[in-house]
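Undergrad:
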Amino acid sequence: MSSPQDRLYTRTHEWIRIEGGRASVGLTAFAVEAIKDIVFIELPAPGRALEAGKPFGVVESVKAVFDLNAPLAGVVAETNKAVESDFSALASDPYGAGWLLRIEGVAGGREGLLDAAAYDRFCAEERH
Amino acid sequence: MSEEKLIFEKGAPGRRAATFPALDVPALDEAAWLPEALRRGAPPDLPEVGEQDLVRHYTRLSQRNIGIDTQIYPLGSCTMKYNPKVNEDVASRDGFRNVHPLQPDSTVQGALAVLWEMERWLAEIAGMPAVCLQPSAGAQGELTALLVCRAYHDSKGRRPRTVLVPDSSHGTNPASAAFCGYRVETVPSRADGTVDLADLRPRITPDVACLMMTNPNTVGVFERDVRAIADLLHDVDAQLYYDGANLNAICGVARPGDMGCDMMHFNVHKTFSTPHGGGGPGAGPIAVKEHLRPFLPVPRVRRGSDGTFSLDHGEPLSIGRVRSHTGNFGILLRGLVYLRSFGGDGLPEIARRAVLNANYLLSRLKGRFDAPYGARCMHEFVLSLSRQKRERGVSALDYAKRLADYGYHAPTVYFPLIVPEALMVEPVETEAKETLDALAEVLGAIDAEDPSALHAAPVNTPVGRLDEVGAARNPVLRWKR
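Just so you know, the protein sequences line up as chains A and B, in that order. Just so we're aligned: the first sequence equals residues 1 to 128 in our numbering. Just so we're aligned: the second sequence equals residues 129 to 609 in our numbering.
Shown next, in the form of structure tokens:
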């Protein structure tokens, strides 16, 4: 399965789609599949400043709790209310309706992020 | 197997398992001795069943268990070893069972002797001189040891804020550290599953309080660099914590203290054979090196020059109590019986056989299943069912559920988190070769089954797949009529 070309990826399996100074952030299909049955998501309040590479929220499955990490710095403009109460869009449409955050004032270098091809290679290795 | 109703749903009003004779003393007026505010409005809603129905109900429930007394229980990282019945025999003796922790020390010398002797055994096994038996289980032992670590640094006027944990660690490690107020930093492991010294080195700064290490780690591999890691930590006065979850692999063969570890916890309910898996009780004593001794919880068990035992509350630098009284005495006692049953000569044999059994089972399974950490292991090993997931569309969870149909408890699944579709197997030392062979054959048979059989599993159990997400999101914690 190949990841969408129109965005960048972290090694901790978040995606970011940048449009000017704004961006959307979500979890990749690989992550949603690996995390399995999600029971809880905690997202930051709008206005919160994000630090690149640092946790901004948590996702909890029946087996474990995982940090959600910010791909780049920015300020949270909006969270996906629909996903917070019903996680099904995360599995069915992780790159569309399953988005988690919209952020503003996106800042910082892109060098730590992967493009779709590099991310897919990274996932293939993680799979062993 | 039909569904078993709850005991509350059985019986009928007025039904009894016992009848009492008529009252032959004057009845007391309830209103006179119990204030209105403390009295219930209605009698409690207790089950009303006859004795035969009562016995059958609980006997049937007990027969539905897949437990260590009926089957191998290969639950990785849990050391589900047998529960020797002699432990129960000793623990049920009058002098142990019918004493109270608040009795004067002079009247419970036997019980105090048990605690004192257990401390000596654990100190010897740890290679660390001081032991506290109070913590109720492993995670509380972790927290207690971290509080001791913080008190130690406080005493030197330092406040390092970071605790390092390998990415293969048990979830309790970062949880204990966070609960103790530390910042948690995860250390990635190498392809062979061990801590990467080169990656670790720059992380060890004066801000590091402690590194928590499980050894062998949760993928069943011994951390060979432990001594070098200890030296790096000690250069900045950070502590090396030994998580005793996997002690069964090395108990009596190698001592964490000799590897450079400063503190550790034991899981008496794992390594020393007391029952677990039903919610406890457990026991998670800790052992520490000399420099940490002053900070251990009180009371401490003392043995006077005349051989009498007492509890001492007077340690000025102690972190205080972490639990009522002296810990889960009955569990500690059972652990001591186990230790004395095997003795210093027997313990290394237990560890060696646990490692041998795990390697034998791995050798039987590695042809069929992928073993990402190689063909050798310590007391447990991790398989990855990624290939089965990709090629057959069946997950580790499907295999686990199908095992229940064959009457087996499943291995641990989806842990450690660094292994996709993980199946973590720990057979322990007490299983015979035939038992290991039978488990290998069942796993092989399941691997050859049609995927639909696995997706439908379990079908031979009282209930099928449970809604785990629903249970986590909307837990029903109380039955209501």
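Glycine included, every Cβ here is placed at the ideal spot set by N, Cα and C.
1) Does any C-beta atom of chain B lie closer than 8 Å to the C-beta of Ala70 (chain A)?
2) For Leu43 (chain A), which residues of its own chain have a beta-carbon under 7 Å away from its beta-carbon, when the five flanking residues on both sides are left out?
3) Closer than 8 Å is the cut-off here; do at least three beta carbon pairs connect the segment 440 to 451 of chain B with the segment 272 to 288 of chain B?
4) What first and last residue would you give for the beta strand (DSSP E) that runs through Asp578 (chain B)?
5) Helix, strand or coil: which one does DSSP assign to Asp197 (chain B)?
6) Following the continuous beta strand (DSSP E) through Tyr369 (chain B), name the residue where it begins and the one where it ends.
7) Would you say the segment 502 to 521 of chain B touches the segment 342 to 351 of chain B, given that touching needs at least three Cβ pairs under 8 Å?
8) On the DSSP bridge list, what partners appear for Asp67 (chain A)?
9) Tell me the start and end of each unbroken beta strand (DSSP E) in the segment 477 to 518 of chain B that is at least 3 residues and wholly inside, in chain order.
10) Can you list the residues of chain A that Leu545 (chain B) reaches, using a CB-CB cut of under 7 Å?
11) Is there a Cβ of chain A sitting closer than 8 Å to that of Val381 (chain B), yes or no?
12) Report the neighbours of Gly299 (chain B) on chain A: residues whose CB is nearer than 7 Å to its CB, in chain order.
13) Under a CB-based cut-off of 8 Å, is Tyr542 (chain B) close to chain A?
14) Does DSSP put Pro288 (chain B) in a helix, in a strand, or in coil?
15) Terminal residues of the continuous alpha helix (DSSP H) containing Arg225 (chain B)?
16) Beta-carbon separation of Ser304 (chain B) and Leu271 (chain B) under 8 Å?
17) Over the uninterrupted alpha helix (DSSP H) stretch that includes Asp533 (chain B), give me the two end residues.
18) Alpha helix (DSSP H) containing Thr79 (chain A): first to last residue?
19) Please report how far the alpha carbon of Ile135 (chain B) lies from the alpha carbon of Ala145 (chain B), in whole angstroms.
20) Could you name the residues that DSSP lists as bridge partners for Glu19 (chain A)?
21) Along the chain, which unbroken stretches of the beta strand (DSSP E) at least 3 residues long are found entirely within the segment 225 to 269 of chain B?
22) Taking the alpha helix (DSSP H) that Cys123 (chain A) falls in, what are its first and last residues?
23) Tell me which residue opens and which closes the alpha helix (DSSP H) that Arg355 (chain B) is part of.
24) Can you confirm whether Asp86 (chain A), when its beta carbon is compared against all beta carbons of chain B, has any partner nearer than 8 Å?
25) Using a Cβ-Cβ cut-off of 8 Å, state whether Val591 (chain B) counts as contacting chain A.
26) Tell whether a beta-carbon distance below 8 Å holds between Asp533 (chain B) and Ala599 (chain B).
27) Taking only beta-carbon positions, decide if Asp37 (chain A) is within less than 8 Å of chain B.
28) With DSSP as the reference, identify every bridge partner of Phe148 (chain B), one or two as the case may be.
29) Measure from the C-beta of Glu126 (chain A) to each C-beta in chain B and report whether the shortest distance is under 8 Å.
TA: Quick answer:
1) no
2) Gly57, Thr79, Glu84, Leu100, Leu101
3) yes
4) Premise fails: Asp578 (chain B) is in no beta strand (DSSP E) and is neither H nor E.
5) coil
6) It spans 367 to 371 - the beta strand (DSSP E) in which Tyr369 (chain B) sits, taken as one unbroken run.
7) yes
8) A:Val58
9) 509 to 512
10) Going along chain A in sequence order, the residues near Leu545 (chain B) (Cβ under 7 Å) are Ala64.
11) no
12) Ala64
13) yes
14) coil
15) 222 to 225
16) Yes, the pair counts as a contact, with Cβ atoms nearer than the cut-off.
17) 524 to 533
18) Here Thr79 (chain A) belongs to no alpha helix (DSSP H); instead the beta strand (DSSP E) covers 73 to 79.
19) 13 Å
20) A:Arg22
21) 258 to 260
22) 116 to 126
23) 354 to 363
24) For Asp86 (chain A), the closest Cβ of chain B is not nearer than 8 Å.
25) no
26) no
27) Yes, contact with chain B.
28) DSSP, once it has assigned bridges, lists no residue as partnering Phe148 (chain B).
29) For Glu126 (chain A), the answer is yes, since a Cβ of chain B falls inside 8 Å of its Cβ.
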